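Here the structure comes first, spelled out in structure tokens, and everything after it is commentary.
There are 2 protein chains.
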Amino acid sequence: MADLVGNLLVGQSGGPTAVINASVAGVLQEAGRHECIEEIYGGLNGILGILNEELIDINEEKAKSIEGLKYTPAAALGTCRYKIDFKKNAEKAAKDMDRLFEVFTAHNIRFFFYAGGNDSQDTSHKIHEEAVKRAYALRVIGVPKTIDNDLPHTDSCPGYGSVIKYCSATVMEVGLDVGSMATDDGSCCIIEVMGRSAGWIAAGTVLAKQGNPANPPHIILLPELPFDEEKFLAKVRVTVTAYKYCIVVVGEGLKNAAGEEIGADKTRLDAFGHPVLSGAAEKLAEIIQGKIDLKTRTVKLGYAQRAAAHFASATDAKNAAACGEAAVRAAVDGQSGFMVKIIRSVQASGAIAWGTGLQSLADIANVEHFIPKDWISEDGFLPNEKFVEYAAPLVEGEVKVPMEGGLPKFVQLEKVRVEKKLAPRA
Amino acid sequence: MADLVGNLLVGQSGGPTAVINASVAGVLQEAGRHECIEEIYGGLNGILGILNEELIDINEEKAKSIEGLKYTPAAALGTCRYKIDFKKNAEKAAKDMDRLFEVFTAHNIRFFFYAGGNDSQDTSHKIHEEAVKRAYALRVIGVPKTIDNDLPHTDSCPGYGSVIKYCSATVMEVGLDVGSMATDDGSCCIIEVMGRSAGWIAAGTVLAKQGNPANPPHIILLPELPFDEEKFLAKVRVTVTAYKYCIVVVGEGLKNAAGEEIGADKTRLDAFGHPVLSGAAEKLAEIIQGKIDLKTRTVKLGYAQRAAAHFASATDAKNAAACGEAAVRAAVDGQSGFMVKIIRSVQASGAIAWGTGLQSLADIANVEHFIPKDWISEDGFLPNEKFVEYAAPLVEGEVKVPMEGGLPKFVQLEKVRVEKKLAPRA
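So the sequences go chain by chain: A and B.
10 is the number of the first residue of the first sequence in our numbering; add one for each residue after it.
10 is the number of the first residue of the second sequence in our numbering; add one for each residue after it.
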């Protein structure tokens, strides 16, 4: 097995992060160290581009561009949300799989790496199984990536440390701002963060407190716990009485007891029938202003939080690159059907050492990893010190982004196309 | 005049910025260099706290805390929106003025510095005039501060360079993110920035383009120009056709042709009769999704943008501190009734030298400074190279914020209160 020789293909999938390119850089730089890897290709826009035979030749890229990926946010190869979905449409999925192996065969792809979250690991798993079934010699290794931090078996997901570093700093800064305007009237600010139905990002902003109960955020609303309006308003009141202001962090996927997202107003549909999304923060502001007449402002960080390379975590970026490197080493060593996972070990000195390991993709796909219940305070409004102990090391260190004229100088790949060998996809 | 001896009082007013504390640091550090200045006091929460005789003794603060104000966002002394308003309520204003001079007299305040925007300069102007009228020896100098950049006669306002540096970097990062997800379906992201009815902040994000038309932002909606839905949707369509994605920056105060803010939905009132504010970005997303069925996401930076000390402009922070220092020097030199203004001069080498000057407060108060019309493109959707030439130097250089455990280490003042000498305010 270990003497497989051929070309490498790497792709990115799902929502980008500040460090997903660092994982790709890790793959590409490690790939250059192994003679069994001949050509190194990138797939544009993940599986979607690969199905269309849209490959680029990484050997045409400058070494310094590859190194620059370590501080460049978003998906340098492009990404997609395309899924080879056997459950929803088995016929189309089977056709996609045939096409994928045509592309692999045409370009002698023998090493395949896919950086992504749950869905992408599922895709990698299916590709691995398909290769086995077809007796097509292929090494498939998944590279973890998601700001949502909801992949199982890994200590954490590359992208998560950076997003909570940025969001925590934002909470500190907004907290100082709102706190400095705090007069007897009181005021409130709601900061909405991403994470879909997982509260990992919202919870991570507890780091902004730096152990002081008076510091913001004063309330964190986790989507895992049903929103209780009365309890929430009571907590806002108590906070404003104590500190004259209240900073609330809310995970975008916050739901009411009926399981409905509070930011989606189903009573208002647009011309195409989409529900009008006000967002969780706007909805909470409406509730606070409408029910207790407290001046309330909102911040919705949106994509800014997952793309904030200018304030990324060096620990996160290093782990992201290490996952890419480990993926290539595993494949060269003959492994396939695994995802790289991050392993932390606490040393005698208390310092943390970061390493990587492998976990079968069968254990990863479609399993969500939630915040342990005993990491959350009794009233449900704040994560506790167990959570802080987990999260704090993830934000350590700063990624150094080169600056030009006061703005970040990110890299862009040349993206020289590999000549197509197949007829266009039907 | 020049031999006036007494105590100094400095206060902050209006919405905070990333560098308003740098101005206070400038005042405090310069004050320490002049023997005619005896005690150095800070007024808590601006005029509001001063009326309540809430003063702190700056000599109780550590020198390193004062230095640390140069990288600490928000108003370290606290701020307020309180206005001594002779127009709205002459009787109350006269009473406030009496009280203010009681406080000044009780604490022998002879040097008064107030950092703020339009309203605050108006307050300083009135205090100066009142001192003349009462023959109370007082030197009043206004220190400019506003992210909105709408004070006249100054090259720019401290706070503005930092906010557009942060917002431009955010546009670059979000642009890479959305661009990397761009597939044939197309997508759009609306980024809402502050600035009230002035478009300076929105316009400033043009720096993210770095001279490349393909780079975001693709459309900037300035509140100065009435929103034209059809023209806007056409421009979004053209942009998505060309680049597969479209990044729009909108100033929060965007209005329709009837002069109504598009983010304020007057048809929906809460229990207290407040209109429900969706915000300009949400409203635009509703329009785009409802009219052309294009996937659209929003980012509302809110207070995060004006508090983002972690990515502040060194040029801005230096100018802010210089304004504070110049204010003290002017007062010690016998001047009163002026605002410090920033002056740029372009040297033979092309390099920019920053200096300060004085402008009568009578010329400042209640005058708004708008973007020159010939700095905006013909179609109104982007500022042109004249604007870029103006704005680019303002974002240069990075403020170095000390970090601890991966998060900014901001300073907090001790705030040792000065003993009150008066009966509580009636």
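Idealized CB from N, CA, C, for every residue including glycine.
Predicted model only: the values in this text are computed from it and were never measured.
- The beta carbon of A335 (chain B) is closer than 7 Å to those of V349, T365 in its chain, skipping five residues each way along the sequence.
- The distance from the Cβ of T132 (chain B) to that of I93 (chain B) is about 6 Å, consistent with a contact at the 8 Å cut-off.
- Each of B:S32, B:F396, B:N16 was checked against the Cα of A323 (chain B), and the nearest Cα belongs to B:S32.
- Within the model, the alpha-carbon separation for T163 (chain B) versus I56 (chain B) is close to 24 Å.
- Scanning chain B for C-beta atoms nearer than 8 Å to the C-beta of R306 (chain A) yields G311, Y312, reported in chain order.
- The bridge partners DSSP lists for D66 (chain A) are A:Y50.
- Between the alpha carbons of S74 (chain A) and V404 (chain B) lies a gap of roughly 25 Å.
- Under the three-state reduction of DSSP output, A124 (chain A) falls in the strand class.
- Those residues of the stretch 336-350 of chain A placed with their C-beta closer than 9 Å to a C-beta in chain B do not exist.
- The C-beta of T250 (chain B) has fewer than 16 other C-beta atoms within 10 Å across all chains shown, which makes the residue exposed.
- For the 8 Å CB-CB criterion, G333 (chain A) and E70 (chain A) do not form a contact.
- Cβ-Cβ distances below 8 Å link G87 (chain B) to Q21, L53, N54, G55, G58 in the same chain, with the five nearest sequence neighbours on each side left out; the list follows chain order.
- Using a Cβ-Cβ distance cut-off of 8 Å, the stretch 213-226 of chain B and the stretch 356-364 of chain B are not in contact, since fewer than three pairs of beta carbons, one from each stretch, lie closer than that value.
- Runs of the beta strand (DSSP E) spanning 3 or more residues and lying entirely within the stretch 97-150 of chain B occur at 118-125, in chain order.
- Here DSSP, grouped into helix, strand and coil, assigns G208 (chain B) to coil.
- Pairing L60 (chain B) with D105 (chain B) gives a Cβ-Cβ distance under 8 Å.
- Of the other Cβ atoms in all chains shown, 16 or more fall within 10 Å of the Cβ of G188 (chain B); this residue is therefore buried.
- If you draw a straight line from the Cα of R143 (chain A) to the Cα of L18 (chain A), it is about 19 Å long.
- With a cutoff of 8 Å on beta-carbon distance, P225 (chain B) and G195 (chain B) are scored as not near each other.
- The continuous beta strand (DSSP E) containing S369 (chain B) extends over residues 361-369.
- Within the stretch 407-433 of chain B, the residues whose Cβ lies closer than 7 Å to any Cβ of chain A are, in chain order, E407, M412, G414, G415, L416, P417, F419.
- Secondary structure at I271 (chain A): coil, using DSSP grouped into helix, strand and coil.
- With 16 or more other Cβ atoms from the protein chains shown falling within 10 Å of its own Cβ, G204 (chain A) counts as buried.
- Interface annotation, K97 (chain B): not in contact with chain A, CB-CB separation never under 8 Å.
- Around N54 (chain A), the beta-carbon contacts reaching into chain B at under 9 Å are S189, M190, A191, T192.
- Within a 10 Å sphere around the beta-carbon of K382 (chain A) sit fewer than 16 other beta-carbons, which makes this residue exposed.
- For the pair L78 (chain A) and I49 (chain B), the Cα-to-Cα distance works out to about 50 Å.
- For the pair K253 (chain B) and I351 (chain A), the Cα-to-Cα distance works out to about 35 Å.
- Within the DSSP bridge table, the entry for V404 (chain B) names no partner.
- When A:D107, A:V172, A:A72 are compared, the shortest CA-CA separation from A140 (chain A) is found for A:D107.
- With a contact defined as Cβ atoms closer than 8 Å, L160 (chain B) and I136 (chain B) miss out at about 18 Å.
- T307 (chain A) has its alpha-carbon roughly 16 Å from the corresponding atom of R306 (chain B).
- Within 9 Å of the CB of V404 (chain A), the CB atoms of chain B belong to G414, G415, L416, in sequence order along the chain.
- With a cut-off of 8 Å on Cβ pairs, the stretch 222-239 of chain A is not in contact with the stretch 416-434 of chain A, counting fewer than three such pairs.
- Note on geometry: alpha-carbon atoms of A329 (chain B) and K409 (chain A) lie some 26 Å from one another.
- V257 (chain B) is outside the set of residues whose beta carbon lies under 8 Å from a beta carbon in chain A.
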